[in-house]
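Going down the list, the protein sequences come from chains A and B.
Count the first sequence with the working numbering and you get residues 280 to 422, in order.
Count the second sequence with the working numbering and you get residues 280 to 422, in order.
Protein chains: 2
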Amino acid sequence: MAPRPSHRPYVLDEQIGFILRQVVQRHVAIFDGLMDGDLTPTQWAALSKLAEVGTCSQNQLGRLTAMDVATIKGVIDRLSARGLTKTSADPDDGRRLLVTLTPAGRERVDQAVSGAFQATEDTLAPLTPAERETLKSLLFKLK
Amino acid sequence: MAPRPSHRPYVLDEQIGFILRQVVQRHVAIFDGLMDGDLTPTQWAALSKLAEVGTCSQNQLGRLTAMDVATIKGVIDRLSARGLTKTSADPDDGRRLLVTLTPAGRERVDQAVSGAFQATEDTLAPLTPAERETLKSLLFKLK
DNA sequence: CCATGCTCGTTCGTACACAAACGACATGGC
DNA sequence: GCCATGTCGTTTGTGTACGAACGAGCATGG
């Protein structure tokens, strides 16, 4: 008797997690190249979401951008240090820290939008429009 | 004249980078849950690749696992500190640092393989087999 | 046999990412 | 009015991730 005809071998390069990591790496590299290297994808997520929804609490912004409380804090600290965002206490709730885009922040957003679109475009460049839709709908199911 | 009928709005949640980040987050969470929390996806990549190819140089291992030289160094340092890998100078090339799986490392790999398969399985659970193949082939083009 | 240029590994600095533990505050139910 | 519960933000610790600068070793051309 053969000792269990076997498990198929584990091939790292076929695993979805490993593939995803590489796709993200490529995307981040493209993104950084288009942003004069002064806005990371994470920082851009926070800024653009803030432009989209207006002032909101720090934790709320974290939820909207899929960031941990500790992560969003660091991101907002860095953006505020650069004068792109500003925080203030919520008069209605002593726990909340309200985050707002400064005028400089709004300007940076306006100026960065086209690069952000381009980053999506360049990342998806190897795919046809139909493939892009397919990919997005499949990834949505895995969120 | 209308001031340029407009840019479509930038909606963060539709951008491939933002979606990818969330998919990776979910995958990593699944992976960590299946590994007794003591092997990260990155550490597993290094270990399993080492099991696959046998001893190799540190930078080479980094290339095989899509890690920066600085990143692979940190990963190997931590794995070696835990006794799962071992490094030694290459007698044939004074620059190279050879990395090897220790017996304990090999044992940990054997014991972790099923969890690694399961992580892939659970991550892809929302998709049909056909969709999984489609997704993988699309992602491959974006690597 | 030596200069040039490449690769190897290290170090430093910055930026996510998350768990866990903590104190402050808000709110609903009693 | 008060307590239980839950939310908000902070801090600490660990682990990726990458650019940039560095020194050392190797290999090739001249």
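Using N, Cα and C, we set each Cβ at its ideal position, and we do this for glycine too.
According to DSSP, simplified to helix, strand and coil, what is A/A391? helix
To which residues does DSSP link B/K365 through a beta bridge? B/T379
I'd like to check one pair, A/L376 with A/A383: are the Cβ atoms closer than 8 Å? no
Proximity test, Cβ basis, 8 Å: B/P405 and chain A: yes
Using a beta-carbon distance cut-off of less than 7 Å, what residues from the region 290 to 320 of chain A approach chain B? L291, Q294, I295, G296, F297, I298, L299, R300, Q301, V302, V303, Q304, R305, H306, F310, P320
Test: A/S327 CB closer than 8 Å to a CB of chain B: yes
Chain B contact for A/K420 (CB, 8 Å cutoff): yes
For A/L291, three-class secondary structure by DSSP: helix
Measure how close the beta-carbons of B/V332 and B/L343 come, nearest whole angstrom, since I'm counting them as under 8 Å. 7 Å
Using a Cβ cut-off of 8 Å, pull out every chain B residue sitting near A/L417, in sequence order please. L406, E410, T413, L414, L417
Which chain B residues sit within Cβ distance under 9 Å of A/A277? Within the shown structure, residues of chain A are numbered from 280 to 422, placing residue 277 of chain A beyond reach of any answer.
Spell out whether any CB of chain B is found under 8 Å from the CB atom of A/T399. yes
Boundaries (first-last residue) of the alpha helix (DSSP H) holding B/A360: 348 to 360
Own chain partners of B/T350 with C-beta closer than 8 Å, once the 5 adjacent residues on each side are dropped: T321, G341
Buried or exposed by the 16-neighbour rule on C-beta atoms within 10 Å, applied to B/V348: exposed
For B/V358, the nearest candidate out of B/K420, B/A345, B/P370, B/S327 (CA to CA): The sequence given here places Leu at residue 358 of chain B; Val does not occur at that position. Looking at the Cα atoms, B/S327 is the closest of the given residues.
Delimiting residues of the alpha helix (DSSP H) encompassing B/G341: 337 to 343
Please check if any C-beta of chain A sits within less than 8 Å of the C-beta of B/A395. yes
Thinking C-beta only, is A/T381 closer than 8 Å to A/L363? yes
Where A/A325 and A/R287 are concerned, what is the direct C-alpha to C-alpha distance, given to the nearest angstrom? 43 Å
Secondary structure of B/T319, DSSP reduced to three states: coil
Taking the alpha-carbon of A/D315 as reference, which of A/C335, A/A398, A/E410 has the nearest alpha-carbon? A/A398
If contacts are defined as beta-carbon pairs under 8 Å, then A/A395 and B/Y289 qualify, I think. What distance do you get, rounded to the angstrom? 6 Å
Considering Cα atoms alone, identify which of B/Q339, B/I295, B/V378 is closest to B/D356. B/V378
Taking C-beta pairs closer than 7 Å, name the residues in chain B that A/A324 reaches, listed in chain order. L291, F297
What do you get for B/M280, buried or exposed, if any count of 16 or more other CB atoms within 10 angstroms of its CB means buried? With a pLDDT of only 48 at B/M280, under the threshold of 50, the placement of this residue in the model should not be trusted, and no figure is reported.
Does DSSP put B/P405 in a helix, a strand or coil? coil
Measure the alpha-carbon distance for B/F297 versus B/P370 and round it to whole angstroms. 46 Å
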